[in-house]
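Numbering (my numbering), first residue to last: 1 to 930.
Data block below; observations after.
Given below as structure tokens:
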């Protein structure tokens with residue numbers, strides 16, 4: 001027994017290169033499977049932050065409004081707020097109530113909600129303008145904000161004092177008041193106004209400049225004789241802060257230039273925050289109605305991907321009506337309902353995570369399958385190197401279980417430390433989070449060498465023999481393969497019948513499972529079909545002259561190196577590369593189509609009115625080939641349906657969008673409308689709502705009524721925003737209604753050969769105010785997101801890793817059959833076989849298998865995207881509202897397939913050259929010894 005243990009110990013220390021290579025492979029795979037979830041978690045975390053940051057503060061922040069109520073809450077204990085005592089006594093109760101609301105929330109919502117802010121704002125009050133004003137009508141919104149002084153710098157004058165209004169009827173009983181004459185009541189009011197003094201306020205410096213109001217001067221409010229004194233002006237410290245999105249008219253006034261009503265401006269006028277809301281006598285009643293706005297700014301980087309589900313559920317509960325504070329001496333607590341668009345953002349993030357999780361699971365399964373095949377080859381290689389010693393152990397009484405246990409123990413000794421080292425390196429070198437569940441795959445990788453070595457070892461397999469003789473495939477193998485093929489067919493049918501299902505926030509099991517089943521089924525078919533043509537080819541070569549083709553084909557049938565495991569590695573590796581290429585093309589094309597749907601032309605300008613003169617100036621910019629303006633006529637009734645009406649030159653729009661990518665173009669031969677009817681193009685929404693088609697006449701409720709004749713239909717008008725349900729010809733519409741719609745959108749066509757970026761810069765010089773967009777910029781902005789970047793990196797890693805493992809599989813395949821091949825070539829070399837024909841014999845062992853496997857992998861690589869991507873909701877990956885179509889770019893697919901063939905051919909060539917170099921003397925001597 002001791003001699004058996006000693007022989008086993010010597011056996012384990014022999015052929016050290018192969019165990020070292022196996023350990024290094026386990027280390028690499030363990031590092032990758034440990035790093036993979038850490039990288040994906042980091043990408044998901046950054047995508048959550050990216051999506052929240054890309055949303056405007058008004059949409060993402062949690063906002064509550066008391067529309068007509070000044071919150072009267074009991075003052076908190078002194079020192080409970082950061083405000084001065086008089087401000088704390090006035091508004092400190094609101095601050096404390098908001099803080100208590102936030103503190104009562106569970107995590108992660110509590111951390112997500114930032115420091116609360118609030119302000120109170122009156123209805124607009126008109127003030128008398130100065131003589132010969134630039135702004136005809138001037139409006140002030142009286143505002144109270146206890147945090148204003150922390151966010152602005154006083155640039156002139158002083159802060160206002162709190163108003164002290166005098167009650168004109170103080171000391172009078174109700175009967176005495178009712179007995180007053182109108183003149184007596186007016187005299188008391190005038191006296192009270194004089195005693196109260198002016199209403200002191202501050203404006204932003206831009207607002208004071210626009211309103212032509214100098215510090216220290218008074219203006220009168222319209223409709224009464226109450227004066228307002230401008231005591232100072234301020235400049236905001238950070239104009240880009242989210243705070244000012246919630247305080248409209250505070251940083252700058254809002255100026256409206258209306259052709260009918262003239263020019264008007266509205267500005268926020270801030271009063272002392274200790275003011276309790278009582279206005280001087282004589283103020284219009286509607287001004288005394290204050291709107292209280294409270295908001296919690298969302299901490300953009302506070303959420304991780306693991307917190308999204310909980311945060312969305314907690315936010316939904318938080319937005320139900322709830323009391324603000326507690327009832328006290330000043331009255332009951334007001335009820336407030338908070339609202340936020342953050343829930344929609346988190347829902348979109350969940351859909352993105354579901355799609356990316358499904359896609360990346362499919363992608364990761366490919367390299368994982370190739371890895372298992374390579375590890376099995378490595379185990380077979382190790383067993384092949386140990387075959388003489390194992391045969392001796394078996395001859396000395398070692399049972400099959402003992403031999404398997406010995407190699408399994410060796411596999412554990414190799415695999416566990418290597419997997420632990422790989423996982424440790426991944427944790428130390430890459431940032432991210434690793435949970436115990438992520439290490440389960442790493443633990444499985446550590447056990448793979450032990451399992452593979454045990455499976456590859458049996459007393460019967462220690463004697464060399466021909467693979468094509470004496471083998472029994474077994475009834476159970478046929479049953480298992482039939483079950484696998486049937487299960488694959490059922491899964492594909494279910495997936496095709498189900499169609500596209502929107503993301504639900506979880507990994508789609510059916511979508512994930514179908515590619516794995518298709519890959520397994522393809523490998524089964526290759527393993528069953530491959531021997532048939534090779535045997536037929538060997539039969540043909542037997543009747544021909546020449547030893548190379550005959551021996552090569554005969555060895556491919558009788559003794560395939562490594563069995564048919566290399567076929568699995570090649571099929572899956574090639575399919576992963578093809579699937580990644582098709583997925584990348586589909587997503588890239590979908591993103592570009594989405595950008596074109598939004599922009600609608602090479603360039604899009606929106607915002608200010610773009611009249612004919614301005615459009616002509618834009619058309620004169622070098623590099624601009626054409627301009628089409630689009631006006632918004634508002635929502636009107638069209639044959640009883642409320643639809644958005646857009647006005648444009650139909651021919652100009654068609655010409656500008658002629659080169660558009662992935663958009664619906666206006667018909668090239670738009671017919672003229674009959675009579676006085678206005679030509680109209682309907683979108684798919686309008687067609688469905690109206691049930692109308694080309695040639696139908698509709699009635700639009702504009703003026704006395706306008707007849708519209710449908711001259712064409714499109715799915716949607718790209719670039720029109722939300723205004724394009726019905727597009728009518730501008731000249732005909734103006735003639736029929738005698739009113740002109742001022743366009744605020746310009747679609748710009750860039751001349752062929754001109755640089756859109758350079759043209760955009762020149763257009764900005766002509767129209768600096770408008771928001772400028774171009775499809776390339778929008779598409780690149782979307783593709784620069786963490787999700788898109790992570791997806792691209794994952795595809796690249798999967799392709800590179802699969803191809804690298806294919807090379808390793810080819811090399812190991814040759815190494816497995818090296819001993820038998822070396823003895824054969826040594827005998828043939830003594831008989832006069834040269835090196836060239838020896839390399840041909842070696843190549844025959846791999847070339848047929850590689851050719852069949854690459855062909856099957858290519859077919860699988862196109863089949864999987866057609867089955868899976870066509871039924872996967874990819875809108876989260878493209879940012880569009882429509883499902884992108886499957887794109888098989890011949891150039892991309894051809895380049896990938898060519899790269900796969902080149903890598904495989906190089907691997908076969910190198911391994912063939914190396915394997916054909918046999919030392920004749922040593923091989924013959926070893927043959928004599930055995």
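Heads up, the beta-carbon is just placed ideally off N, CA and C, and yes, glycines get one too.
Treat the numbers as computed from the prediction; the structure is a model and nothing was measured.
Next on the checklist: Let me check one thing: in DSSP terms, what residues is residue 202 bridge-paired to?
Outcome noted: 232, 270
Checklist entry - What's the call for residue 683, buried or exposed, on a 16-neighbour Cβ count within 10 Å? => result buried
Checklist entry - Straight-line CA distance for residue 743 to residue 327? => result 53 Å
Checklist entry - From residue 934 to residue 369, what distance separates their C-alpha atoms? => result Only positions 1 to 930 of the chain appear in this structure, which leaves residue 934 out of reach.
Next on the checklist: In chain order, what are the residue ranges of uninterrupted beta strand (DSSP E) at least 3 long that sit wholly in the region 544 to 619?
Outcome noted: 603 to 606
Checklist entry - Which residues bound the alpha helix (DSSP H) around residue 25? => result 17 to 53
Item to check | Start and end residues, beta strand (DSSP E) containing residue 296 | outcome: 291 to 296
Checklist entry - Which term fits residue 844, buried or exposed, when burial requires 16 or more other beta carbons within 10 angstroms of its beta carbon? => result buried
Item to check | Best match in 518, 454, 455 for proximity to residue 485 [C-alpha to C-alpha] | outcome: 518
Checklist entry - What does a CB cutoff of less than 6 Å around residue 456 pick up in its chain, not counting 5 residues either side in sequence? => result 379, 380, 383
Checklist entry - What did DSSP end up calling residue 792 once you bin it into helix, strand or coil? => result helix
Checklist entry - Within this structure, are the beta carbons of residue 365 and residue 515 separated by less than 8 Å? => result yes
Checklist entry - Can you tell me whether DSSP reads residue 715 as helix, strand or coil? => result coil
Next on the checklist: Within the continuous beta strand (DSSP E) that includes residue 139, where are the two ends?
Outcome noted: 137 to 144
Item to check | Three-state class that DSSP yields for residue 874 in the structure shown | outcome: coil
Checklist entry - Taking the continuous beta strand (DSSP E) assigned at residue 118, which residues delimit it? => result 117 to 121
Item to check | Where the alpha helix (DSSP H) through residue 102 begins and ends | outcome: 85 to 103
Checklist entry - What first and last residue would you give for the beta strand (DSSP E) that runs through residue 190? => result First-last for residue 190: 182 to 196, but that is the alpha helix (DSSP H), not the beta strand (DSSP E).
Item to check | Residue environment, residue 95, which counts as buried when at least 16 other CB atoms sit within 10 Å | outcome: buried
Next on the checklist: Quick check on this structure: which residue in 671, 666, 762, 676 has the alpha carbon closest to the alpha carbon of residue 719?
Outcome noted: 666
Checklist entry - What are the start and end residues of the beta strand (DSSP E) that includes residue 642? => result 641 to 648
Item to check | Cβ distance (whole Å) where residue 805 is taken to contact residue 371 below 8 Å | outcome: 6 Å
Checklist entry - Would residue 411 pass as a contact of residue 439 if the rule is Cβ separation under 8 Å? => result no
Item to check | Distance between beta carbons of residue 363 and residue 798, contact taken as under 8 Å | outcome: 5 Å
Checklist entry - CB residue 695 to CB residue 681, shorter than 8 Å? => result no
Item to check | Counted within 10 angstroms of its Cβ, other Cβ atoms place residue 613 as buried (16 or more) or exposed | outcome: exposed
Next on the checklist: For a test of the three-state rule: what should DSSP assign to residue 784, helix, strand or coil?
Outcome noted: coil
Next on the checklist: Report the CB separation of residue 27 from residue 418 in whole angstroms; it is logged as a contact under 8 Å.
Outcome noted: 4 Å
Item to check | Buried/exposed call for residue 386, threshold 16 Cβ in 10 Å | outcome: buried
Checklist entry - So, are the CB atoms of residue 216 and residue 201 less than 8 Å apart? => result no
Checklist entry - By Cβ distance below 6 Å, which residues in the same chain neighbour residue 590 in space, the five residues on each side in sequence not counted? => result 878, 884
Item to check | Separation of residue 586 from residue 875, as counted between CA atoms | outcome: 11 Å
Next on the checklist: Within 10 Å of its beta-carbon, does residue 671 have 16 or more other beta-carbons around it, so buried, or fewer, so exposed?
Outcome noted: exposed
Next on the checklist: On the DSSP bridge list, what partners appear for residue 727?
Outcome noted: 646, 681
Item to check | Residue span of the alpha helix (DSSP H) that contains residue 761, given as start and end | outcome: 756 to 766
Item to check | Three-state secondary structure assigned by DSSP to residue 147 | outcome: coil
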